[in-house]
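Report on the following structure.
Protein chains in written order, with our numbering: chain A, 385 to 764; chain B, 385 to 764.
Right, dumping it as structure tokens:
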């Protein structure tokens, strides 16, 4: 089988959130039209593989010349050549693009072989407990604008069956944010509302100082929180080593720090976190995510998977030291997460009454695309 | 698909070597009849997977109850349960048994999906340069009984096209062995015979002292040797850290030390070798070998694959930091390695004129078994 083309298609769909000035999504009162991209690897045997995301100019300019003519089952070689090519294309060939291409290759492999990707990887399970992961705090009354509103939402998530709940608290451009005391007020209100059984996590503002991060961590220990993520700039590994030493609370990371599995190896060797962290979008695809998972396993280090979607769910269903949770979201009281956007027939992560997400048994990664919609709404 | 049975079959075949009192193989003047075992995973969909090796009582007593009824694509879960079960079965459920079962599951996956295993893993290449790996030294005139005989054999291997040559030198029960001076005499004679272009490696007696190992290493540096393996008991990681610090010569390991990818992680963290090492038989199968390879990659550590056969060759064709060589052997002037034993139609590692081995493109691991022979020669 040979790759004949790699394309990045765009289509119109409906958006239910809008990004603030700092890039975090929040609900909108009226859904609006937006465009999405879809990366597709085409072959000479009629199979293709897809992934959402990708960038038309980078796919066309850098990726297509690298891939056309190659056997799509040479995923390791292809990923390696993209990884090397990044060095001179720092501004364009991002890990997000690597992720889109690598995921499309996995999707293609599964479709061509008639098997879901989690079984290609060597499966461990078919369902994963999920935690409800909130959007960042906002100033929308009845949304996530006060500690009590987080508490109300957490209780609703508990009643829905989620065994865990993670707060993303207030960040700029909200003028009074960040505020460690408000973070802890929200965390305390949530613990008070849901009781002691639910596992609670915090992912606050990402640029606190060491002192602020330690203070928040110590308060979370009193509230019996399960872990904290990324309270400081992850570009300073030493500060995470310091924080991990200072706290009994489980520190999970790195997440957004670049460097793929190499960075995770350094954090493990230096004890810069208690639990490692990666998602397909952080490390450049499912191929390096599995490398990261295997790295962690060889060190007896647990790895929590960042973000949702079919690639992360496939990895979660093929881990020997299992990731504890699937991250489901981002959620908000005003947004119906169960409702697929118009370009999908169904969501990728249906939740059962026990609060678990079940992996698709369809060949490939299992995106359930509404192709009629995509065809009717192509752009360009 | 469900596993319906796991069996360990025995059949008669022909042996061309015999083990000495210390367990190392040497040629015999007359081939003789021996028995081999074959582990087979059976399924309810007519596919089965095989691997040579395995032990009837362990497969029947421990493995079969663990596997029957499970989906054979749950390789990670199955491997994990075998790994855990080893703890209370140290004397019986060896890494060799794990290897036989895991390889059979990979073979099954490839056959069921109609694809060679190296492509399931995500391929990087289809051929790998091979080095000629000798049997241990002996007292057979014209064999490997003198430094000059090693030199003569190395020259023949060079002429055959091999880009590398590895000596296994003299060990007990030869009464004058081990002898560091004789090791170096053989290494010097080989270098003298083949000239400077061929890469040369040494795998000597495995229980030298630190001083002896360092002396050998320093001599090998003068002879421009490419690497040395396992000159001391690998149960002492600290002595390998010491040796690696003492030598400019590349130290490759661990090989026979137990502990799978976990041990490799420790050696990497502690700088106990320059290049890591593992083979399917050392770490309990292809699943943990790929974990080891991914671990090494995350640390930018090269990994040389120990031993030959289809599982190791599949791994070599799916490595991002490529193993430099396929280990072809063990070879001896008196043994025709190119001739398949009667239970195989062809050998797994055909050598081309450039000294490379090409991976099979048959579905599964690609053993080319002579089933008529096996059926006609069943035991028990």
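Note that the Cβ used here is the ideal one computed from N, Cα and C, for glycine as well.
Residue i versus residue j - alpha carbon distance
{"i": "residue 566 (chain B)", "j": "residue 531 (chain B)", "result": "8 Å"}
{"i": "residue 444 (chain B)", "j": "residue 749 (chain B)", "result": "23 Å"}
{"i": "residue 628 (chain B)", "j": "residue 658 (chain B)", "result": "7 Å"}
{"i": "residue 746 (chain B)", "j": "residue 499 (chain A)", "result": "19 Å"}
{"i": "residue 683 (chain A)", "j": "residue 652 (chain B)", "result": "11 Å"}
{"i": "residue 474 (chain B)", "j": "residue 662 (chain B)", "result": "20 Å"}
{"i": "residue 759 (chain A)", "j": "residue 724 (chain A)", "result": "17 Å"}
{"i": "residue 713 (chain B)", "j": "residue 553 (chain B)", "result": "14 Å"}
{"i": "residue 440 (chain A)", "j": "residue 472 (chain A)", "result": "19 Å"}
{"i": "residue 639 (chain B)", "j": "residue 690 (chain B)", "result": "7 Å"}
{"i": "residue 616 (chain B)", "j": "residue 679 (chain B)", "result": "24 Å"}
{"i": "residue 606 (chain A)", "j": "residue 580 (chain A)", "result": "12 Å"}
{"i": "residue 525 (chain A)", "j": "residue 718 (chain A)", "result": "10 Å"}
{"i": "residue 392 (chain A)", "j": "residue 726 (chain A)", "result": "19 Å"}
{"i": "residue 326 (chain B)", "j": "residue 386 (chain B)", "result": "Residue 326 (chain B) falls outside the range modelled here, since chain B spans only 385 to 764, and no answer is possible."}
{"i": "residue 438 (chain A)", "j": "residue 396 (chain A)", "result": "15 Å"}
{"i": "residue 645 (chain A)", "j": "residue 588 (chain B)", "result": "35 Å"}
{"i": "residue 399 (chain A)", "j": "residue 408 (chain A)", "result": "14 Å"}
{"i": "residue 415 (chain B)", "j": "residue 402 (chain B)", "result": "9 Å"}
{"i": "residue 454 (chain A)", "j": "residue 687 (chain B)", "result": "26 Å"}
{"i": "residue 501 (chain B)", "j": "residue 406 (chain A)", "result": "46 Å"}
{"i": "residue 674 (chain A)", "j": "residue 511 (chain A)", "result": "18 Å"}
{"i": "residue 833 (chain B)", "j": "residue 434 (chain B)", "result": "Chain B is shown only over 385 to 764; residue 833 (chain B) falls outside these bounds and no answer can be derived."}
{"i": "residue 520 (chain B)", "j": "residue 528 (chain B)", "result": "8 Å"}
{"i": "residue 756 (chain A)", "j": "residue 736 (chain A)", "result": "28 Å"}
{"i": "residue 685 (chain A)", "j": "residue 649 (chain B)", "result": "12 Å"}
{"i": "residue 647 (chain B)", "j": "residue 641 (chain B)", "result": "8 Å"}
Assigned exposure category for residue i - 16 Cβ within 10 Å defines buried
{"i": "residue 557 (chain B)", "result": "exposed"}
{"i": "residue 729 (chain B)", "result": "exposed"}
{"i": "residue 766 (chain B)", "result": "Because chain B here runs from 385 to 764, residue 766 (chain B) falls outside it and cannot be looked at."}
{"i": "residue 429 (chain B)", "result": "exposed"}
{"i": "residue 672 (chain B)", "result": "buried"}
{"i": "residue 432 (chain B)", "result": "buried"}
{"i": "residue 550 (chain A)", "result": "buried"}
{"i": "residue 476 (chain B)", "result": "exposed"}
{"i": "residue 706 (chain B)", "result": "buried"}
{"i": "residue 611 (chain B)", "result": "buried"}
{"i": "residue 424 (chain A)", "result": "buried"}
{"i": "residue 751 (chain B)", "result": "buried"}
{"i": "residue 741 (chain A)", "result": "buried"}
{"i": "residue 619 (chain B)", "result": "exposed"}
{"i": "residue 722 (chain A)", "result": "exposed"}
Proximal residues of chain B, C-beta to C-beta of residue i below 8 Å
{"i": "residue 499 (chain A)", "result": "457 and 497"}
{"i": "residue 508 (chain A)", "result": "458, 460, 461 and 464"}
{"i": "residue 671 (chain A)", "result": "506"}
Neighbour list for residue i in chain A, Cβ cutoff strictly below 7 Å
{"i": "residue 653 (chain B)", "result": "653"}
{"i": "residue 649 (chain B)", "result": "682 and 683"}
{"i": "residue 704 (chain B)", "result": "460 and 464"}
Option nearest residue i by Cα separation, candidates the options
{"i": "residue 503 (chain B)", "options": "A:522, A:456, A:434 and A:725", "result": "A:456"}
{"i": "residue 467 (chain A)", "options": "A:710, A:606 and A:668", "result": "A:668"}
{"i": "residue 412 (chain B)", "options": "B:509, B:716, B:437 and B:550", "result": "B:716"}
{"i": "residue 547 (chain A)", "options": "A:529, A:517 and A:600", "result": "A:517"}
{"i": "residue 738 (chain A)", "options": "A:406, A:513 and A:644", "result": "A:513"}
{"i": "residue 451 (chain B)", "options": "B:403, B:426 and B:434", "result": "B:426"}
{"i": "residue 539 (chain A)", "options": "A:465, A:575, A:610 and A:621", "result": "A:575"}
{"i": "residue 731 (chain B)", "options": "B:762, B:626 and B:693", "result": "B:693"}
{"i": "residue 487 (chain A)", "options": "A:470, A:469, A:509 and A:462", "result": "A:462"}
{"i": "residue 586 (chain B)", "options": "B:614, B:528 and B:752", "result": "B:614"}
{"i": "residue 744 (chain A)", "options": "A:591, A:470, A:442 and A:495", "result": "A:495"}
{"i": "residue 436 (chain A)", "options": "A:394, A:584 and A:593", "result": "A:394"}
{"i": "residue 593 (chain B)", "options": "B:655, B:654 and B:623", "result": "B:623"}
{"i": "residue 544 (chain B)", "options": "B:608, B:602, B:734 and B:753", "result": "B:734"}
{"i": "residue 379 (chain A)", "options": "A:484, A:507, A:465 and A:542", "result": "No answer is possible for residue 379 (chain A): the residues shown for chain A start at 385 and end at 764."}
{"i": "residue 655 (chain A)", "options": "A:404, A:571, A:636 and A:664", "result": "A:636"}
{"i": "residue 505 (chain A)", "options": "A:764, A:753, A:708 and A:701", "result": "A:701"}
Amino acids of chain B, ordered along the chain, whose beta-carbon sits closer than 9 Å to that of residue i
{"i": "residue 646 (chain A)", "result": "681, 682, 683 and 684"}
{"i": "residue 504 (chain A)", "result": "457, 493, 497 and 504"}
Partners in chain D for residue i, counting only beta-carbon separations shorter than 8 Å
{"i": "residue 674 (chain B)", "result": "Annotation note: the requested chain D is absent from the structure, which comprises protein chains A and B."}
Segment contact flag, the segment 529-545 of chain B with the segment 491-503 of chain A, C-beta cutoff 8 Å, min 3 pairs: no
Cβ pair count under 8 Å reaching 3, the segment 627-643 of chain A against the segment 432-450 of chain A: no
Three or more C-beta pairs below 8 Å linking the segment 458-472 of chain A and the segment 419-439 of chain A: no
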